[in-house]
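S.K.: Using this note's numbering, read the sequence shown as starting at 110 and increasing by one per residue.
Glycine residues also receive a C-beta, built at the ideal position from the N, C-alpha and C atoms.
Quick caveat, the model's predicted, so the values are computed rather than measured.
Pasting in a structure now, in structure tokens, and then I'll have a few things to ask.
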Amino acid sequence: PGDVIFGSELEELASRHPWLTYHLVISEPPPGYSGLCGLMDAETIRELVGDVEGKTFFLCGPAAMYELCTGALASLGVPPRRIRREAYGPPRDVRQEPGWPGGDPDAVFRVTEERSGRTFPARCGEPLMNSMERAGMVVEAVCRAGECSVCRTRLLEGEVFVPPRVPRRWVDERSGFIHPCMSYPLSDLRIRY
């Protein structure tokens with residue numbers, strides 16, 4: 110189909126590089142389409158890729174596709190470190206995220222940064238990083254999507270909601286670190302940045 114984003118460019122790259130293969134799989138094909146159809150499930154991945162051992166997978170698409178492909182790759186034995194994803198920013202409406210505990214997104218909590226003693230307001234329905242920046246803090250960040258860990262901040266007291274799609278390193282989670290770019294205050298907080 111002619112509406113495939115970068116379709117001709119991907120075909121050209123694949124024709125010039127023997128290590129790159131390009132397979133178009135369409136979930137809703139137009140009439141008369143004879144290529145691969147359906148969703149990227151484990152069977153389709155196995156059919157296209159063969160043995161997944163030692164291979165790295167790069168995902169780009171909507172969150173629903175990530176969930177489907179990540180589950181399919183996991184069922185094939187692909188370790189998480191071999192799955193790379195495009196980084197998306199915070200959701201438009203955090204209440205739509207799986208696991209959202211409820212509550213008023215306009216509720217405002219008090220955040221205290223331990224080193225400076227600075228206290229500032231933070232709205233429940235927006236990432237903590239936004240409030241930190243409004244308060245004049247310079248927060249180092251690369252992705253603003255919870256992926257890179259550059260903005261990691263220690264949560265000393267209080268509770269935040271972290272969408273389940275945010276891949277925090279287990280050592281950060283265990284040590285009380287959050288990524289304020291994708292953490293939403295659910296109570297008053299004390300942090301160390």
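1) I think Leu237 touches Pro272, with their Cβ atoms under 8 Å apart; what is that distance to the nearest whole Å?
2) Hey, is the stretch 205 to 219 in contact with the stretch 271 to 287, meaning 3+ C-beta pairs nearer than 8 Å?
3) Could you tell me the boundaries of the beta strand (DSSP E) in which Arg283 lies?
4) Along the beta strand (DSSP E) that carries Glu266, what are the first and last residues, could you check?
5) If you run the structure through DSSP and keep just helix, strand and coil, what is Ala231?
6) Starting from the C-beta of Leu336, find all residues in its chain whose C-beta is less than 6 Å away, skip the five residues before and the five after it, and write them out in chain order.
7) Does DSSP put Pro199 in a helix, in a strand, or in coil?
8) Please state whether DSSP places Val220 in a helix, a strand or coil.
9) If you run the structure through DSSP and keep just helix, strand and coil, what is Arg293?
10) Any heavy atom of the ligand GDP within a distance shorter than 6 Å of the CB on Ala151?
11) List in chain order: all unbroken alpha helix (DSSP H) runs of 4+ residues lying wholly within the stretch 115 to 196.
12) Less than 8 Å between the CB atoms is what I'm expecting for Asp150 and Ala173, so what's the real figure, rounded?
13) Just to check my reading of the structure: Cys257 and Val248 have Cβ atoms closer than 8 Å, yes? What is that Cβ distance to the nearest angstrom?
M.R.: Judging by the given coordinates:
1) Counting from one through the sequence shown, the residue named residue 237 turns up at place 128. Counting from one through the sequence shown, the residue named residue 272 turns up at place 163. At roughly 13 Å, the Cβ-Cβ gap does not stay under 8 Å, so Leu237 and Pro272 are not in contact.
2) yes
3) Residue numbering aside, residue 283 sits at position 174 when the sequence shown is read from its first letter. Segment Trp279 to Arg283 is the alpha helix (DSSP H) holding Arg283; no beta strand (DSSP E) there.
4) Sequence index remark: in the sequence shown, residue 266 carries index 157 (1-based). Element bounds for Glu266: Thr262 to Glu266.
5) Here residue 231 is taken as the residue at index 122 of the sequence shown, counted from 1. Residue state, collapsed to three classes: strand.
6) The structure shown does not extend to residue 336, since the chain is modelled only from 110 to 302, so the question has no answer here.
7) If you number the sequence shown from 1, residue 199 lands on position 90. Pro199 falls in the coil class under three-state DSSP.
8) For the purposes of this step, residue 220 is identified with residue 111 of the sequence shown, where counting begins at 1. It is a strand residue.
9) To locate residue 293, count along the sequence shown from 1; it is residue 184. Per the sequence presented here, residue 293 reads as Tyr, with Arg not at that position. Looking at Tyr293 - three-state DSSP - the assignment turns out to be strand.
10) Absence of the ligand GDP is noted for the structure shown, with no ligands found whatsoever.
11) 116 to 125, 151 to 158 and 172 to 184
12) Counting from one through the sequence shown, the residue named residue 150 turns up at place 41. Counting from one through the sequence shown, the residue named residue 173 turns up at place 64. Contact doesn't hold; Cβ gap of about 13 Å is too wide.
13) On the sequence shown, position 148 is the one that residue 257 refers to. On the sequence shown, position 139 is the one that residue 248 refers to. Contact flag wrong, Cβ pair sits at about 12 Å.
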